[in-house]
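Asker:
There are 2 protein chains.
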Amino acid sequence: MLVKSQVKYIQSLGQKKFRDPEGVFVAEGPKLVSELLMSPHLPLVTLYAVKDWLEINRERLATLSSHQIVEVRNSELERISFLATPNQVLAVFRQPSFTGLPLKQGSGISLLLDNIQDPGNLGTIVRIADWFGLRCVVCSPDSADVFNAKAVQSTMGSIGRVQVSYEDPAAYIDRQKGLPVYATALGGTSIYTMERISRGIIVIGNESKGIRESLLSRIPHHITIPRIGEAESLNAAVATGIVLSHLAL
Amino acid sequence: MLVKSQVKYIQSLGQKKFRDPEGVFVAEGPKLVSELLMSPHLPLVTLYAVKDWLEINRERLATLSSHQIVEVRNSELERISFLATPNQVLAVFRQPSFTGLPLKQGSGISLLLDNIQDPGNLGTIVRIADWFGLRCVVCSPDSADVFNAKAVQSTMGSIGRVQVSYEDPAAYIDRQKGLPVYATALGGTSIYTMERISRGIIVIGNESKGIRESLLSRIPHHITIPRIGEAESLNAAVATGIVLSHLAL
Numbered sequence: 001m002l003v004k005s006q007v008k009y010i011q012s013l014g015q016k017k018f019r020d021p022e023g024v025f026v027a028e029g030p031k032l033v034s035e036l037l038m039s040p041h042l043p044l045v046t047l048y049a050v051k052d053w054l055e056i057n058r059e060r061l062a063t064l065s066s067h068q069i070v071e072v073r074n075s076e077l078e079r080i081s082f083l084a085t086p087n088q089v090l091a092v093f094r095q096p097s098f099t100g101l102p103l104k105q106g107s108g109i110s111l112l113l114d115n116i117q118d119p120g121n122l123g124t125i126v127r128i129a130d131w132f133g134l135r136c137v138v139c140s141p142d143s144a145d146v147f148n149a150k151a152v153q154s155t156m157g158s159i160g161r162v163q164v165s166y167e168d169p170a171a172y173i174d175r176q177k178g179l180p181v182y183a184t185a186l187g188g189t190s191i192y193t194m195e196r197i198s199r200g201i202i203v204i205g206n207e208s209k210g211i212r213e214s215l216l217s218r219i220p221h222h223i224t225i226p227r228i229g230e231a232e233s234l235n236a237a238v239a240t241g242i243v244l245s246h247l248a249l
Numbered sequence: 250m251l252v253k254s255q256v257k258y259i260q261s262l263g264q265k266k267f268r269d270p271e272g273v274f275v276a277e278g279p280k281l282v283s284e285l286l287m288s289p290h291l292p293l294v295t296l297y298a299v300k301d302w303l304e305i306n307r308e309r310l311a312t313l314s315s316h317q318i319v320e321v322r323n324s325e326l327e328r329i330s331f332l333a334t335p336n337q338v339l340a341v342f343r344q345p346s347f348t349g350l351p352l353k354q355g356s357g358i359s360l361l362l363d364n365i366q367d368p369g370n371l372g373t374i375v376r377i378a379d380w381f382g383l384r385c386v387v388c389s390p391d392s393a394d395v396f397n398a399k400a401v402q403s404t405m406g407s408i409g410r411v412q413v414s415y416e417d418p419a420a421y422i423d424r425q426k427g428l429p430v431y432a433t434a435l436g437g438t439s440i441y442t443m444e445r446i447s448r449g450i451i452v453i454g455n456e457s458k459g460i461r462e463s464l465l466s467r468i469p470h471h472i473t474i475p476r477i478g479e480a481e482s483l484n485a486a487v488a489t490g491i492v493l494s495h496l497a498l
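Chains as they are written, first to last, in the numbering used here: chain H, 1 to 249; chain S, 250 to 498.
(1) Hey, is the stretch 425-436 of chain S in contact with the stretch 333-345 of chain S, meaning 3+ C-beta pairs nearer than 8 Å?
(2) If residue 294 of chain S sits next to residue 321 of chain S, beta carbons under 8 Å apart, how far is it from one beta carbon to the other, in whole angstroms?
(3) What does the alpha-carbon distance come out to for the pair residue 389 of chain S and residue 415 of chain S?
(4) Using Cβ-Cβ distances below 9 Å, what residues of the stretch 267-293 of chain S are close to chain H?
(5) Using beta carbons (cut-off 9 Å, strictly below), is residue 232 of chain H in contact with chain S?
(6) Please go through the stretch 358-409 of chain S and give each complete beta strand (DSSP E) segment of 3 or more residues, from N-terminal end onward.
(7) What does DSSP give as the partner residue(s) for residue 190 of chain H in the beta ladder?
(8) Quick check: residue 154 of chain H and residue 124 of chain H, are their CB atoms within less than 9 Å of each other?
(9) For residue 193 of chain H and chain S, any beta-carbon pair shorter than 9 Å?
(10) So residue 226 of chain H and residue 192 of chain H are supposed to be a Cβ contact under 8 Å. How far apart are they, rounded?
(11) Which residues, in order along the stretch 422-440 of chain S, keep a beta-carbon less than 7 Å from a beta-carbon of chain H?
(12) Hey, out of S:367, S:315, S:439, S:424, whose CA is closest to residue 456 of chain S's CA?
(13) At 4 residues or longer, what runs of the alpha helix (DSSP H) sit wholly inside the stretch 262-319 of chain S?
(14) By Cβ distance, which residues of its chain are closer than 6 Å to residue 483 of chain S, with the 5 residues on each side in sequence left out?
(15) Nearest-angstrom Cα distance between residue 330 of chain S and residue 260 of chain S?
(16) For chain H, check one thing: does any of its Cβ atoms lie closer than 9 Å to the Cβ of residue 495 of chain S?
(17) Inspect the CB distances between the stretch 8-25 of chain H and the stretch 125-133 of chain H and report whether three or more fall short of 8 Å.
(18) Who are the near neighbours of residue 282 of chain S in its chain, counting only those whose CB is closer than 6 Å to its CB and skipping five residues on each side?
(19) Could you check where the alpha helix (DSSP H) with residue 464 of chain S kicks off and where it finishes?
(20) Of the choices H:29, H:115, H:157, H:230, whose alpha-carbon is the least far from that of residue 355 of chain S?
(21) Can you give me the start and stop residues for the beta strand (DSSP E) that residue 208 of chain H sits inside?
(22) Given that residue 130 of chain H touches chain S, what residues does it touch there, using C-beta distances under 7 Å?
(23) Might you give, ordered along the chain, the residues of its own chain that have their beta carbon closer than 7 Å to the beta carbon of residue 87 of chain H, omitting 5 neighbours on each side?
(24) Which residue marks the beginning of the alpha helix (DSSP H) containing residue 341 of chain S, and which one marks its end?
(25) Listed from N- to C-terminal order along the chain, which residues in the stretch 197-226 of chain H have their beta-carbon within a distance smaller than 8 Å of any beta-carbon of chain S?
(26) Taking C-beta pairs closer than 7 Å, name the residues in chain S that residue 87 of chain H reaches, listed in chain order.
(27) I'd like to know whether the C-beta atoms of residue 232 of chain H and residue 405 of chain S end up nearer to each other than 9 Å.
(28) Against residue 407 of chain S, what residues of chain H qualify as contacts under a CB-to-CB distance less than 7 Å, listed in chain order?
Structural data, given as structure tokens:
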């Protein structure tokens with residue numbers, strides 16, 4: 001049973017200005033919520049689920065305290081869901097905080113995203129980073145918010161395994177002194193001719209404008225996916241996947 | 250100036266059951282519409298645009314007849330647009346028909362999509378095919394519709410250059426007798442160890458279920474993108490981009 005203030009609270013979490021002061025985010029659907037419940041980095045705040053889902057997941061939920069679980073009717077789930085088709089469970093998790101931490105164990109490669117605007121692209125890039133074993137995705141402060149509902153859904157659970165932080169790109173590069181930096185940009189070295197790398201920073205630019213000039217001009221290595229056909233560009237997430245598949249060791 | 254019947258007609262084109270009998274589709278925004286106007290495969294039916302856009306594009310529109318161009322106010326564009334933020338111009342184009350044609354000049358590789366559900370993924374895959382010089386994307390009849398507004402937008406203009414058709418996957422493979430067929434599936438040969446190919450059919454499966462078993466079991470070559478990290482899967486469009494970047498000659 002949901003009270004009005006809970007509905008209002010969850011709806012407010014659709015906006016970054018309400019989400020961030022609370023330090024939480026929303027994830028939905030059985031698959032995503034089940035995966036995030038297993039992450040040591042994401043403490044659960046509250047879980048809203050229909051009876052059927054709660055019964056199937058009784059064992060998994062045994063360690064939670066009863067005030068963390070709210071049984072809702074489908075009609076109630078519809079009122080709080082951010083999905084076009086609400087799907088059994090909505091969970092509010094605490095945002096992990098990784099800012100300023102050094103690279104953790106895993107790949108020595110990090111992604112630096114310059115002004116990625118689409119939350120779906122951002123979430124997909126985090127999922128790609130996870131697939132290739134990267135531990136760290138750094139976003140310029142003007143990038144989309146990874147705790148946006150659509151971004152969270154697009155990570156498909158990788159938000160619980162990859163450190164996503166926000167920092168000035170130039171400052172991040174300076175902090176990682178000595179690490180090679182690769183800018184994906186037109187007219188660079190073909191990724192097909194490069195050796196794989198075990199460490200470094202790969203910079204991905206905005207969906208339509210690429211990497212901003214003030215940043216691009218600071219980076220000596222430019223790398224490119226050779227084009228065979230006629231499309232003007234590739235989607236930013238697709239380009240990230242292709243680059244990592246050729247370079248990540 | 251728009252009359253009510255025009256508004257109703259364009260809105261109806263949001264649904265495949267109204268779109269297909271008319272044999273048309275909708276594209277929006279200055280960049281996409283400008284690009285599609287250049288395609289020899291896509292005759293324009295009608296273009297609805299705000300005054301500013303019409304003035305800037307006066308020369309480009311000189312070959313069109315006056316009944317193909319309708320000047321609209323921003324408030325009218327909002328009533329017919331399928332975008333969250335309407336963007337200066339909406340155009341109705343005739344659907345190209347390529348079904349059953351042999352591969353045209355260009356890459357000897359075609360993509361075969363088995364039950365791709367998300368229109369954004371489908372459009373992005375068509376854009377990727379275009380980037381790698383492919384001429385042909387064949388979709389199983391239960392795949393998303395490439396003339397869906399979101400799919401069209403995601404192609405970023407490649408819908409005017411790549412032949413997208415719908416056909417039973419097994420029938421398509423049979424028609425291309427002798428061409429090697431590669432199924433992207435778990436546990437296949439690593440794409441990193443394969444030679445590039447100049448001809449063949451690459452099969453991409455459904456976003457969550459992969460290639461259906463009845464089709465997969467008919468295909469001897471299975472290929473895989475090796476996973477380094479922990480994400481359970483890659484987005485279908487991202488996987489397509491990675492596979493083509495390693496295999497397409």
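Every residue gets a Cβ at the ideal spot worked out from N, C-alpha and C, and that includes glycine.
Answerer: Working from what's here:
(1) Counting C-beta pairs with one atom in each stretch, the stretch 425-436 of chain S and the stretch 333-345 of chain S have fewer than three that are closer than 8 Å, which means they do not touch.
(2) Counting from 1 along the second sequence, the entry for residue 294 of chain S is found at position 45. Counting from 1 along the second sequence, the entry for residue 321 of chain S is found at position 72. Not confirmed; about 15 Å, so no contact.
(3) Along the second sequence, read from residue 1 onward, the residue named residue 389 of chain S stands at position 140. Along the second sequence, read from residue 1 onward, the residue named residue 415 of chain S stands at position 166. Looking at the backbone, the Cα of residue 389 of chain S and that of residue 415 of chain S are separated by about 6 Å.
(4) Of all residues in the stretch 267-293 of chain S, 280, 284 have a Cβ within less than 9 Å of some Cβ in chain H.
(5) Position 232 of the first sequence, counted from the first residue, corresponds to residue 232 of chain H. Cβ-Cβ to chain S under 9 Å: yes for residue 232 of chain H.
(6) Segments of the beta strand (DSSP E) lying fully in the stretch 358-409 of chain S: 385-388.
(7) As a position in the first sequence, residue 190 of chain H is number 190, starting the count at 1. In DSSP, residue 190 of chain H forms a bridge with H:224.
(8) As a working mapping, residue 154 of chain H is identified with position 154 in the first sequence. As a working mapping, residue 124 of chain H is identified with position 124 in the first sequence. Closer than 9 Å, so yes.
(9) Along the first sequence, one-based indexing puts residue 193 of chain H at 193. No, residue 193 of chain H does not count as interfacial toward chain S.
(10) The sequence position of residue 226 of chain H within the first sequence is 226, counting from 1. The sequence position of residue 192 of chain H within the first sequence is 192, counting from 1. Cβ atoms of residue 226 of chain H and residue 192 of chain H come within 8 Å of each other, at about 6 Å.
(11) If the cut-off is 7 Å between Cβ atoms, the stretch 422-440 of chain S has nothing near chain H.
(12) Here the question's residue 456 of chain S lines up with position 207 in the second sequence. Comparing alpha-carbon positions, the option among S:367, S:315, S:439, S:424 lying closest to residue 456 of chain S turns out to be S:367.
(13) For the stretch 262-319 of chain S, whole alpha helix (DSSP H) runs of length 4 or above, ordered along the chain, are 265-271, 279-286, 300-305.
(14) Locating residue 483 of chain S in the second sequence gives position 234, where the first residue counts as 1. No residues qualify anywhere along the chain.
(15) Numbered from 1 along the second sequence, position 81 holds the residue referred to as residue 330 of chain S. Numbered from 1 along the second sequence, position 11 holds the residue referred to as residue 260 of chain S. C-alpha of residue 330 of chain S to C-alpha of residue 260 of chain S: approximately 8 Å in a straight line.
(16) Your numbering for residue 495 of chain S matches position 246 in the second sequence. So yes, residue 495 of chain S belongs to the interface.
(17) No: the two stretches stay apart, fewer than three of their Cβ pairs being nearer than 8 Å.
(18) As a position in the second sequence, residue 282 of chain S is number 33, starting the count at 1. Excluding the 5 residues flanking it on each side, residue 282 of chain S has same chain C-beta neighbours closer than 6 Å at 276, 338, 340, in chain order.
(19) As a working mapping, residue 464 of chain S is identified with position 215 in the second sequence. 462-465 is the span of the alpha helix (DSSP H), which, as asked, contains residue 464 of chain S.
(20) Stepping through the second sequence from its first residue, residue 355 of chain S is reached at position 106. Selection H:29, H:115, H:157, H:230 evaluated against residue 355 of chain S yields H:230 as nearest (Cα-Cα).
(21) Here the question's residue 208 of chain H lines up with position 208 in the first sequence. Premise fails: residue 208 of chain H is in no beta strand (DSSP E) and is neither H nor E.
(22) In the first sequence, the residue the question calls residue 130 of chain H occupies position 130. Against chain S, the beta carbon of residue 130 of chain H has neighbours under 7 Å at 478, 479, 480, listed in chain order.
(23) Reading the first sequence from its first residue, position 87 is the one you call residue 87 of chain H. Closer than 7 Å at Cβ, skipping near neighbours: 28, 29, 30.
(24) For the purposes of this step, residue 341 of chain S is taken as residue 92 along the second sequence, with counting starting at 1. No alpha helix (DSSP H) holds residue 341 of chain S; the beta strand (DSSP E) holding it covers 338-343.
(25) Against chain S - using a Cβ distance shorter than 8 Å - the residues of the stretch 197-226 of chain H are 225.
(26) Looking up residue 87 of chain H in the first sequence gives position 87. Correct list: empty, because the minimum Cβ distance to chain S is about 13 Å.
(27) Here residue 232 of chain H refers to the residue found at position 232 when the first sequence is read from its first residue. Here residue 405 of chain S refers to the residue found at position 156 when the second sequence is read from its first residue. A contact, by the Cβ cut-off of 9 Å.
(28) Reading the second sequence from its first residue, position 158 is the one you call residue 407 of chain S. Neighbours of residue 407 of chain S across chain H, judged by C-beta separation under 7 Å: 231.
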